[in-house]
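Start counting the sequence shown at 49; every next residue gets the next number (this note's numbering). Beta carbons: idealized from backbone N, C-alpha and C, even for Gly. Note that the structure is a prediction, hence the values are computed from the model and not measured.
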Amino acid sequence: MKALELRDKPLFQATLGDLIEALNEGFANEGKDGRANTNPSIEKRYVYGLIGISKLFGCSQATAQRIKSSGVINEAISQNGKIIVVDADLALDLLRVSNKKWGRKYSK
Numbered sequence: 049m050k051a052l053e054l055r056d057k058p059l060f061q062a063t064l065g066d067l068i069e070a071l072n073e074g075f076a077n078e079g080k081d082g083r084a085n086t087n088p089s090i091e092k093r094y095v096y097g098l099i100g101i102s103k104l105f106g107c108s109q110a111t112a113q114r115i116k117s118s119g120v121i122n123e124a125i126s127q128n129g130k131i132i133v134v135d136a137d138l139a140l141d142l143l144r145v146s147n148k149k150w151g152r153k154y155s156k
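So this is what it looks like as structure tokens:
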């Protein structure tokens with residue numbers, strides 16, 4: 049009943065209470081179809097290839113190759129031939145836990 053009254057009322061006559069009620073009703077209906085409950089942080093992020101690894105870590109491709117070859121992020125890597133797929137969140141966690149420095153050898 050309230051929604052029908054609100055639809056017939058001009059927008060400039062609507063009050064803040066009407067707006068809040070309409071938003072609450074809209075969010076209540078949105079939760080029923082299940083699409084609004086998906087959380088993007090739960091979904092896994094993947095990067096592909098050495099270029100993806102270098103963009104993920106913010107380093108050069110040579111350093112990305114060194115990190116991959118060292119075995120530090122082996123649990124995050126799935127490789128089939130030339131195709132490399134890396135779980136981004138797991139790789140960042142593994143690299144954070146390892147205490148190896150990946151910068152230049154002679155930097156202070």
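At which residues does the alpha helix (DSSP H) containing residue i begin and terminate?
i: Ile99; result: Gly97 to Phe105
i: Val145; result: Ala136 to Val145
i: Ser118; result: Gln109 to Ser118
Determine the burial state of residue i: buried for a count of at least 16 other Cβ atoms within 10 Å of its Cβ, exposed for fewer.
i: Ile121; result: buried
i: Ala62; result: exposed
i: Lys57; result: exposed
Only counting the same chain, and skipping five residues up and downstream in sequence, which positions put a Cβ closer than 6 Å to that of residue i?
i: Leu104; result: Val95 and Ala136
i: Ser126; result: Val133
Where do the N-terminal and C-terminal ends of the beta strand (DSSP E) with residue i fall, by residue?
i: Gln61; result: Element bounds for Gln61: n/a, residue is neither H nor E.
What does DSSP give as the partner residue(s) for residue i in the beta ladder?
i: Ile131; result: Asn128
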